[in-house]
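There are 4 protein chains.
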Amino acid sequence: MAITGCKKKQIAVLTGGGDAPGLNAVIRGITVKAISLGYDVIGFKKGWAGLLNQGETHPLDLDQVASIHVTGGTILGTSRTNPYKEENGVNQVKESLKKHCCEAIIAIGGEDTLGVANKLNKDGIKVVGVPKTIDNDLSGTDYTFGFDTSVNIAAKAIRDLHTTAESHRRIMIVEIMGRHAGWITMHASIAGGAHITLLPEEKFDLNEICKVIKNRQDKGKNHTIIAVSEGAVPKQGDMALQTKEKDAFGHVRLGGIAQGLCEELEKSCGQECRHVVLGHLQRAGAPSAFDVVLGTRLGVKAMELIDKKEFGKMAALKGTEIVSVDLQEAVGTLKTVPKEFIKEEKLFWGIDD
Amino acid sequence: MAITGCKKKQIAVLTGGGDAPGLNAVIRGITVKAISLGYDVIGFKKGWAGLLNQGETHPLDLDQVASIHVTGGTILGTSRTNPYKEENGVNQVKESLKKHCCEAIIAIGGEDTLGVANKLNKDGIKVVGVPKTIDNDLSGTDYTFGFDTSVNIAAKAIRDLHTTAESHRRIMIVEIMGRHAGWITMHASIAGGAHITLLPEEKFDLNEICKVIKNRQDKGKNHTIIAVSEGAVPKQGDMALQTKEKDAFGHVRLGGIAQGLCEELEKSCGQECRHVVLGHLQRAGAPSAFDVVLGTRLGVKAMELIDKKEFGKMAALKGTEIVSVDLQEAVGTLKTVPKEFIKEEKLFWGIDD
Amino acid sequence: MAITGCKKKQIAVLTGGGDAPGLNAVIRGITVKAISLGYDVIGFKKGWAGLLNQGETHPLDLDQVASIHVTGGTILGTSRTNPYKEENGVNQVKESLKKHCCEAIIAIGGEDTLGVANKLNKDGIKVVGVPKTIDNDLSGTDYTFGFDTSVNIAAKAIRDLHTTAESHRRIMIVEIMGRHAGWITMHASIAGGAHITLLPEEKFDLNEICKVIKNRQDKGKNHTIIAVSEGAVPKQGDMALQTKEKDAFGHVRLGGIAQGLCEELEKSCGQECRHVVLGHLQRAGAPSAFDVVLGTRLGVKAMELIDKKEFGKMAALKGTEIVSVDLQEAVGTLKTVPKEFIKEEKLFWGIDD
Amino acid sequence: MAITGCKKKQIAVLTGGGDAPGLNAVIRGITVKAISLGYDVIGFKKGWAGLLNQGETHPLDLDQVASIHVTGGTILGTSRTNPYKEENGVNQVKESLKKHCCEAIIAIGGEDTLGVANKLNKDGIKVVGVPKTIDNDLSGTDYTFGFDTSVNIAAKAIRDLHTTAESHRRIMIVEIMGRHAGWITMHASIAGGAHITLLPEEKFDLNEICKVIKNRQDKGKNHTIIAVSEGAVPKQGDMALQTKEKDAFGHVRLGGIAQGLCEELEKSCGQECRHVVLGHLQRAGAPSAFDVVLGTRLGVKAMELIDKKEFGKMAALKGTEIVSVDLQEAVGTLKTVPKEFIKEEKLFWGIDD
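Residue numbers (my numbering), protein chains in the order written: chain A, 2 to 354; chain B, 2 to 354; chain C, 2 to 354; chain D, 2 to 354.
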């Protein structure tokens, strides 16, 4: 039912949290489907901040979304603003929706953004979600967009680094995103041909790493590539490998483990080590084909959910289908790499050139 | 139970049909898992031909499979040989297995190869399958490896061709693999930002195409990119757009529709048209990260099925899991692009820059 | 000296002939340099057609050229229109320049476009040129932009095609641009690892090709990649390998030699052959770093030449410097691949994997 | 004249210093040309270390060099060993050459390696050089191989980082190789579309940087990409931005300026900043087409110089030609980015999207 005094059905769209390749495909998917169903769409800029008092909007029509799906980032901008942490935030959201004649919101984001969406839904605002995280650690969906792009970038880095590592007979450590889940590291390590894979899901053993390196040396394989999640931690408890630097705005910077591990391995294994921190390269640039298609389909589905008044839901991938699941499901438990997969992958440690 | 007189458990592996990026990942996955389970592995060269009288073998151990997973093609070579079309073919296969002390076969291939595998299984040979087709049209698995790589290649081509098409204000037609199913074309068209998508699943209407092109011109969008499956056919029955050339060996060559359609559109829409046939570029080069991971996991699973004596099965992707399904299931009905997906995608025709 | 009644110094820019990656870098280079020198810039659309009666213009200021240098094609559009072939064409050009208060023209183009520029200069119009051709066959400059991008695209195609050629034990022929000069083919063949290189500069010998293929087979190298320029011709005179199809507008289409050669080699060498025609892929997409830098520097230089009133000249690359040469020099003799280079490259035929 | 007791003319080849994409092309070029001239070739492993007492060799024939030119790194391995810093080093080199029946050495390397080559030549050993440095700062040659590959990698990183920088409205700093010369940074910055370029050649001014950033913000361009050479230093003398960490083996690690500058800009410009250190990614992976062709041609030329007994020379690129220059010339003055180029490039600061 339309808000009184508003001429047309209208929908709000926002993107929250870290950007992920594929966001623009979702925005375009929503917009095109919305227009086909007789809705108008307004984008709100910088995540939830766009729906607070000082918020800005961005028109979303066919011209605005033309060809955006093949580009990375989000044309709406993003932020980590949380209306529940702002004074009178929820009311501000309600006022913004009313002022802009929006019946409902589609919120595209990760655990934080969807957590807010879920709460707002319980607080009487009509919300549909679209899951987003490069880390692929959201429950309720098989894969999230951005993940495949990120894996391809990290895998290419790993693959390419072989040539210089081999020429100099070095250990080369590649630090990959993933504070709590090792999905990107795991897939990129396999796809890029790393020799050792270190994930947040299982504490790593320096002795085991050295052993793999020595075995390789015995076979004349004088370089070793290690793929390590930024959230991986050593078994050996007295080691403080990770940095937790903050920027001038109090945000934690990426990275640290690769450098610490490099220094440690030079000492304990006696081989020269270099490291690379992929950092923002992992979320930079155009989305992979998988992520464009997934983002587009999620956008279309989210708009269908709006039209069918299935609020409190999010669009999700299950097998080859785009389905709807409760927002609650996504913001519940973190999806980590299964023990069994980690065990299987260890069979491949050290065997490659 | 081992073949009499053979010292060790041993498994045969072969790859059949057209090559697909990811095949080597399967071969490596099988080999590493096999060795961990106490098996030896022998590769048979050139598909089923390797198991016939003149067949050749290729050793498969850790050294042989090191780093092959990041490369395209198949180190075993491939062919379209069918033992059921060779005199005494099945017996030759049995003899080869006996001679080489192989208890069972893992056959990696598409509809034809798995069809043979299924028959051989019924004829008393222990077989496990791994589904392979770039076209993604095999039932029984969510996706096949090779498909993602192929989609990325075709999407990049489509995306890149915008610049020259726009500079010259041309129609540009990109001919993409898919005789019976339009999966690659569909995904590549979305991911690459084509304006019109023509699939084998639904006859296309020249008038509708011209209308989209004219609408674009009216908005000052003077170029149009069309993604067309090689198997797409026009509604207008009296048009003979496709060529069916054969090479000197009687094999049908790729292609034809793009050129025919280009000539037709120049006449009927009055705009210059150029076409590109992607051909073998779509199966060339290194596999995408998705395909390396999928191939590796399928290989590991296939070997597990052997070890658990689940013959007549194949490894398959369902959601995020690798499961086993009956070989019969894969070689049954062709998996085509659903009508609903085709309808949804049409909403996007012509809107992009 | 400014045209009477015009307030400000103003310059016309146009791009003619086939598009080449790097054109937009030139346009941006000209515009930024022009503004720094106190000039205004107007773009004329579709090559020389923009300066004829029905011609259209495109504003060129800092906003219009922002970030265009990293994109392919030309934002001005292009055509093969020749004012000397239009009735009263030269006067129309003069009128357009007067009407738009343009003192001089910067013409970016190949042999045809620069040939017109040279004539116009002699006919009293102030012109400066920028050389452009993917084919790299213009005299007076070491390299032309677009060439490096094109070589990288063709080299990647050649390199990638090895996997499928090898898996199927096939000859694979890659048809590459170059009607009269084999520069792209030569560089791409070396960089991509083709086994045989066929250029327009030297008629090829089918027997020699077969011999290389047989030698490879003898060493167990069962695939052969051949890089062939579209303009290559066989020694054997009675063979008609090339097609000269025209589109509905009378323009010659690309291609033909690869298919003819494939059929011939299947017969004469007895090995299966497939071919790929790269066609417009070779000029599609974003320019390489080399071409962006070269294009930018040429644009800056061309504007300097205008400012220094060095008309009838063009900007050109000599070593690491951007210099000026007479337009006459560029439109003189075709620059072809030297005999010595062709001879040296033959040393490498057939040796690679 | 051959060494007494040796049956055949034989040449030594080694690669020294940091690896660069294109080294393998040089090795292959030398080998193929050598064989055509009737020479044998032996590779010595790990740079000059291969010619010292404990040194190892690597056979170089057609099989060994097949297809290596399309791969990065060096199949011979490399090191920074200097025979003039080893006890009796020069005699060891002479002994090794005698033992292996080598008449002369081709040394492929940068300033250090060629410096040794030059000295050895004066000390009576027949040496020819091939210039190598990613940094492009060697005199005596227009460009060095590895440089173009590196520029393309850094340019792609810069280009891709726009999407995430823009989505979050951040400053993004990309740290690029170049301790003493800013060639890679300069070319990558132009080709990737960075907004500010900071080189070792000219001290940078924090106020000027902030001003560009503020100007961008005023136009609604809320992100800024800065390309900075690792060797760039600020005008403001009391700032200690750079780290000079050493590894366990006493080698200086890459990097530091980007992080320091990021922290400084967050404080002084009040905008969030993130940084990426490209590090070894810049020398990783396959060479660009330009570098394969250049490397191949340099290798062929170096072997010609050997055959013509032009010792004490190196092969070099001048315009489109491969020429010979005195080794002395290469190891003289560092080639830095000219003031004029730096000034021109500043015209483009801040203008792009």
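Glycine is no exception: its CB is placed at the ideal position from the N, C-alpha and C atoms. It should be emphasised that the depicted structure is a prediction, and the values quoted were computed from it without experimental measurement.
Per-residue burial, residue i [other beta carbons within 10 Å of its own, 16 or more giving buried]
i                 : result
THR164 of chain B : buried
LYS10 of chain B  : buried
ASP206 of chain C : exposed
GLY39 of chain D  : exposed
GLU209 of chain A : exposed
GLN272 of chain D : buried
ASN89 of chain C  : exposed
LEU335 of chain C : exposed
MET240 of chain C : Here the model assigns MET240 of chain C a pLDDT of 49, short of 50, so the residue's position is not dependable and the matter cannot be decided.
ASP20 of chain C  : buried
GLU322 of chain A : exposed
GLN283 of chain C : buried
Where residue i falls: helix, strand or coil (DSSP)
i                 : result
GLU341 of chain C : helix
PHE205 of chain A : strand
ASP353 of chain D : coil
THR58 of chain B  : strand
ASP161 of chain C : helix
ASP41 of chain C  : strand
VAL128 of chain B : strand
For residue i, the residue or residues it bridges with in DSSP
i                 : result
PHE146 of chain A : A:LYS133
THR198 of chain C : C:ALA228
SER325 of chain C : C:ALA316
THR16 of chain C  : C:ILE109
ILE174 of chain D : D:ILE227, D:HIS276
GLN260 of chain B : DSSP output for GLN260 of chain B lists no bridge partner at all.
ASP138 of chain C : According to DSSP, which records beta bridges pairwise, ASP138 of chain C is partnered with nothing at all.
PRO235 of chain A : A:PHE205
Whole-angstrom distance between residue j and residue i, CA atom to CA atom
i                 : j                 : result
GLY44 of chain C  : ARG171 of chain B : 21 Å
VAL91 of chain A  : LYS340 of chain B : 42 Å
ASP292 of chain B : GLY73 of chain C  : 30 Å
CYS102 of chain B : GLY130 of chain B : 19 Å
ASP219 of chain A : ILE352 of chain A : 12 Å
LYS99 of chain D  : ALA118 of chain D : 17 Å
SER168 of chain C : GLY296 of chain A : 35 Å
GLU1 of chain C   : ALA285 of chain A : A query on residue 1 of chain C cannot be resolved here, the shown segment of chain C reaching from 2 to 354 and no further.
ALA303 of chain D : CYS211 of chain B : 59 Å
SER68 of chain B  : LYS319 of chain C : 43 Å
ASP161 of chain D : GLU96 of chain B  : 57 Å
ASP136 of chain C : LYS46 of chain B  : 42 Å
VAL229 of chain C : GLN237 of chain C : 16 Å
LYS310 of chain C : VAL152 of chain A : 54 Å
PRO60 of chain B  : THR75 of chain B  : 14 Å
Expected contact under 8 Å - CB spacing of residue i and residue j to nearest Å
i                 : j                 : result
MET187 of chain B : LEU200 of chain B : 6 Å
ALA259 of chain B : GLU203 of chain B : Contact flag wrong, Cβ pair sits at about 18 Å.
MET178 of chain B : HIS281 of chain C : Not a contact, Cβ separation roughly 18 Å.
ASP355 of chain D : GLY18 of chain D  : For residue 355 of chain D there is no data in the structure shown, the boundaries of chain D being 2 and 354.
ILE107 of chain A : ILE12 of chain A  : 6 Å
VAL128 of chain C : LEU121 of chain C : 5 Å
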